[in-house]
Amino acid sequence: MADTHHSAAELVALARAAAQRAHAPYSGFSVGCAIEAEDGSIATGSNMENACYRLGTCAEIAALTSAQQAFGLDKVRRIAVAGGHIGADGALAGTQTVTPCGGCRQAIAEAADLSGVDIEIIAASGDGGTLSQTTIAALLPASFGADNLADAERR
Ligand SMILES: [Zn+2]
285 MADTHHSAAE LVALARAAAQ RAHAPYSGFS VGCAIEAEDG SIATGSNMEN ACYRLGTCAE
345 IAALTSAQQA FGLDKVRRIA VAGGHIGADG ALAGTQTVTP CGGCRQAIAE AADLSGVDIE
405 IIAASGDGGT LSQTTIAALL PASFGADNLA DAERR
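Per our numbering, the sequence shown runs over residues 285 to 439.
Written out as structure tokens, the structure is:
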């Protein structure tokens, strides 16, 4: 039902709001992610760092986990990401477009594999002023997925 869907700008606004709830005291780089399901439902997430740096998790992974709980990974259709620093006014700021990292692209591809539908990616700057719209197939061509495990040894 397309009329229940959010605009790209609305999804970016949700991602920017999610970034305000990031736990990013070490990098100072807050990232938010908003995921839209086929029925227009929304799941969000933000990055969460740790004093043991390598244990930090990405906003997209947090949002995908929330999406799985809320409506299932197979229902994911669009993903908006925005990142930057929290400005003096409390809003996310920054002018560089933020795309999902390689690991998150792999996780998004898993969701796309489940439905067979290419997932739209809306990458935004922290201030929301710069948008780049693409798809997971374009961001992760020739990806590794469940089909590549066909020759695994079965016991
Ligand atoms: Zn990532």
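Virtual Cβ for every residue (Gly too), placed ideally from N, Cα, C.
- As the crow flies, the alpha-carbon of Cys336 is around 37 Å from that of His290.
- Look at the region 335–359 and you find these whole runs of alpha helix (DSSP H), each 4 residues long or longer: 343–354.
- Taking 7 Å as the cut-off, one finds at least one heavy atom of ligand 1 near enough to the beta carbon of Cys388.
- In the three-state scheme derived from DSSP, where H, G and I count as helix and E and B as strand, Cys388 is classed as helix.
- Under a 10 Å Cβ-count criterion, Thr328 is classified as buried, with 16 or more other Cβ atoms of the shown protein chains found around its own Cβ.
- Take Ala395, set aside five residues on each side of it, and the residues of its chain with a beta-carbon closer than 6 Å to its own are Leu357 and Val360, in chain order.
- Going by DSSP, Glu294 is part of no beta strand (DSSP E) but of the alpha helix (DSSP H) stretching over Ala292 to Ala303.
- When the alpha-carbon of Ala301 is set against those of Ile326, Ala426 and Pro309, the nearest one is in Ile326.
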